[in-house]
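Numbering (this note's numbering), first residue to last: 54 to 208.
Down below is the structure, laid out as structure tokens.
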């Protein structure tokens, strides 16, 4: 099955809003000393690292944190890189993602899954760097190639 993209429903938009609001409580609980002059993702990186240090094992709470952090990361991709929220349906199921335009290299990021993979690897302080890397990758693929060489000619 090919990926099918659809716009968010009002309830999905409300869910995102709820997750973003929850991020304030998460930041207050796990990064209260984080300077407001730092970027949101830097502060969220600090909070996520502090939360990871608690070694939380309650599955429901872990999922809530992953969704909250992932949603903030996704919203920052939307804000900073002009991506948009979409629902993606394929043979694996249905999931919330952020998507770029063909001019942006058809970028597709699943923010909650992105964070969940790092949680599984016990990785921290990746959000801000990841935004920068995604920005660089999008810039690289959206730049027109200066060369009109045919793809099979290597010289």
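Backbone N, C-alpha and C fix where the C-beta goes; we use that ideal spot for every residue, glycine too.
Grab the span of the beta strand (DSSP E) containing residue i for me, first residue to last.
i: residue 117; result: Element bounds for residue 117: not the beta strand (DSSP E) but the alpha helix (DSSP H), 112-134.
How close, in whole Å, do the beta carbons of residue i and residue j come, if the pair is a contact with beta carbons under 8 Å?
i: residue 139; j: residue 58; result: 5 Å
i: residue 116; j: residue 72; result: Contact doesn't hold; Cβ gap of about 12 Å is too wide.
Beta-carbon within less than 7 Å of residue i's beta-carbon, same chain only, minus the 5 sequence neighbours each way: which residues are those?
i: residue 159; result: 153
i: residue 204; result: Because residue 204 carries a pLDDT of 44, less than 50, the predicted location of this residue cannot be relied on, and the following value inherits that uncertainty. Result list for residue 204: empty, nothing under 7 Å.
i: residue 150; result: 139, 141, 161, 162, 163
i: residue 167; result: 123, 126
i: residue 75; result: 121
Just to confirm my understanding: we take residue i, look at its own chain, exclude 5 residues before and 5 after, and list those with CB closer than 8 Å. What are they?
i: residue 177; result: 98, 101, 102, 105, 171
i: residue 188; result: 133, 134
i: residue 147; result: 140, 141
i: residue 84; result: 96, 97, 99, 100, 103
i: residue 130; result: 136, 151, 162, 164, 184, 187
Give me the DSSP bridge partner(s) of residue i.
i: residue 59; result: 140
i: residue 150; result: 139
i: residue 162; result: 151
Got a sec? Which residues, its chain only, sit under 6 Å from residue i by beta carbon, not counting five neighbours each side?
i: residue 108; result: none
i: residue 164; result: 123, 126, 127
i: residue 56; result: 141, 143
i: residue 180; result: 94, 97, 98, 126
Identify the continuous alpha helix (DSSP H) that holds residue i and give its terminal residues.
i: residue 101; result: 93-106
i: residue 193; result: 180-195
CB of residue i to nearest heavy atom of the ligand ADP: below 6 Å?
i: residue 163; result: No copy of the ligand ADP appears in this structure; indeed no ligand is present at all.
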